[in-house]
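*Asks:* One structure follows; several queries about it will come next.
In the numbering used here, the protein residues as written are 1325 to 1470.
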C-alpha cells in the first residue's frame, strides 16, 4: 500500500527486525547507539572521522565538515550508497550512529540526515550491541530507548 509522504517530511523507510537480535555491528564495530540531534550538531564533532559502510563504495571514512542543518563529510561515496549508516568509531572500537547517507557527490561531498531526526520521524530504534550500549548508558549525548 502506497502512502504519500507529507510535505517537508523525511523520505525514508524502516527495516523492522525482531527485538531479540543478540547484537549489532557495523563494519565489525559493535553499535553503542545513536547520538542525539543536539550532540550531533555540537561543534566539538567537527573534524572527527566519520565512516560510512556503503553498498557500492564499501567502507569510506572522512572528516566531518558540518552538522548544523545536515551532516556533511569530506568523503567520496557513489550513487546507490544512499541509506547507509554514518558513524563515529570510539577509542574502544564501538560505533556510534550520527546519520543516514542521503546524497553523494562525485566532487567528494557526502551528505546525510541526522540519525536522531530520522529515528524519531520513523518511530524506530537502533539495534545495539549489549556490551557497547552498556558502556554509554546514562550518557545524555545518546538517544535512549523508550
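Backbone N, C-alpha and C define an ideal beta-carbon position, used for all residues, glycine too.
Since I believe residue 1425 is in contact with residue 1355 (beta carbons under 8 Å), could you give me their beta-carbon distance rounded to a whole number of angstroms?
*Replies:* With 8 Å as the limit, residue 1355 and residue 1425 do not qualify as a contact, their Cβ atoms being about 16 Å apart.
*Asks:* Do you know whose CA, among 1451, 1447 and 1411, lies nearest residue 1391's CA?
*Replies:* Considering only alpha carbons, the answer is 1411.
*Asks:* CA-CA distance, residue 1435 and residue 1400?
*Replies:* Each residue's Cα considered, the two are about 10 Å apart.
*Asks:* Please report the straight-line C-alpha distance between residue 1468 and residue 1393, rounded to a whole angstrom.
*Replies:* C-alpha separation (whole angstroms): 22 Å.
*Asks:* Are the CB atoms of residue 1359 and residue 1416 nearer to each other than 9 Å?
*Replies:* Contact: no.
*Asks:* Whose CA, out of 1465, 1455 and 1466, lies closest to the CA of residue 1348?
*Replies:* For the residues 1465, 1455 and 1466, the minimum Cα distance to residue 1348 belongs to 1455.
*Asks:* What ranges does the beta strand (DSSP E) occupy inside the region 1388 to 1422, keeping only unbroken runs of at least 3 residues that lie completely in it?
*Replies:* Fully enclosed beta strand (DSSP E) runs of 3 or longer: 1395 to 1398 and 1409 to 1413.
*Asks:* Output the distance between the C-alpha atoms of residue 1326 and residue 1444, rounded to the nearest integer angstrom.
*Replies:* In this predicted model, residue 1326 has a pLDDT of only 43, less than 50, meaning its place in the structure is not dependable; the value taken from the coordinates is given anyway. Approximately 21 Å, taken between the alpha carbons.
*Asks:* Count the other CB atoms within 10 Å of the CB of residue 1364; is the residue buried (16 or more) or exposed (fewer)?
*Replies:* Label assigned to residue 1364: buried.
*Asks:* Rounded to a whole number of angstroms, what is the C-alpha to C-alpha distance between residue 1352 and residue 1409?
*Replies:* Rounded to whole angstroms, residue 1352 to residue 1409 spans 13 Å at the Cα level.
*Asks:* Compare the C-alpha of residue 1428 against each of 1448, 1403, 1413 and 1462 and name the closest.
*Replies:* Nearest of 1448, 1403, 1413 and 1462 to residue 1428, Cα basis: 1403.
*Asks:* What's the gap between the Cα of residue 1463 and the Cα of residue 1418?
*Replies:* In a straight line, the C-alpha of residue 1463 is about 15 Å away from that of residue 1418.
*Asks:* Starting from residue 1455, follow the beta strand (DSSP E) in both directions and report where the run begins and ends.
*Replies:* Premise fails: residue 1455 lies in the alpha helix (DSSP H), 1454 to 1460, not in any beta strand (DSSP E).
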